[in-house]
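Our numbering puts the sequence shown at residues 19 to 148.
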Amino acid sequence: MSEEFKIEIVNPENSFLSREDVTEVVVPAFEGEMGILKDHISIISFLKPGIIKIFSKSREDNYYVEDGIVEFKNNNLSVLTSSIFNIKDIDKDKISELLAQAEENSKNSDITDQNKYLVDQKIDVLKTLN
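Printed below as a string of structure tokens:
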């Protein structure tokens with residue numbers, strides 16, 4: 019019996035990715051890293067800045083995501099996000115730019131605790147990519 023399920027990642031511009039051969043997906047949910055396998059119970063969760071890891075029998079792909087909503091139902095995983103990059107395509111300049119921006123935001127005295135948490139999370143993740 020197949021262990022594969024379907025993933026779809028959508029951002030405002032287009033359908034970013036659609037595959038039917040994934041065996042596991044790890045998402046950076048607010049509650050922490052969440053691994054999803056076939057027949058996982060239905061979930062809806064918010065994403066925080068981090069890495070989405072998509073595994074299939076033949077390969078592993080990693081994407082940097084800044085925010086979003088993830089929903090898993092009937093062996094369909096949907097990710098809606100406003101900002102996603104394939105890590106193998108993202109260049110160092112882009113990472114440095116995102117990092118500088120995040121560090122700038124983090125220093126803003128008006129920042130709320132929740133936003134500060136998210137920005138600091140973003141900085142940590144981007145540093146691992148740099």
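C-beta: ideal position from N, C-alpha, C; glycine also.
Bridge-paired residues (DSSP) for residue i
| i | result |
| --- | --- |
| R77 | DSSP output for R77 lists no bridge partner at all. |
| A5 | Any property of residue 5 remains undetermined from this structure, which presents the chain solely from 19 to 148. |
Environment of residue i [buried if 16+ CB atoms lie within 10 Å]
| i | result |
| --- | --- |
| I59 | exposed |
| T146 | exposed |
| T99 | buried |
| A118 | exposed |
| K91 | exposed |
Distance, residue j Cα to residue i Cα
| i | j | result |
| --- | --- | --- |
| Y82 | M19 | 31 Å |
| E122 | T130 | 14 Å |
| G68 | Q139 | 8 Å |
| I54 | V44 | 6 Å |
Neighbourhood of residue i by C-beta, 8 Å cutoff - its chain only, sequence neighbours within 5 removed
| i | result |
| --- | --- |
| K24 | S36, R37, E38, V40, N93, N94 and L95 |
Contact set for residue i: own chain, Cβ-Cβ below 6 Å, skip 5 residues either direction
| i | result |
| --- | --- |
| V143 | P67 and G68 |
| D79 | I72 |
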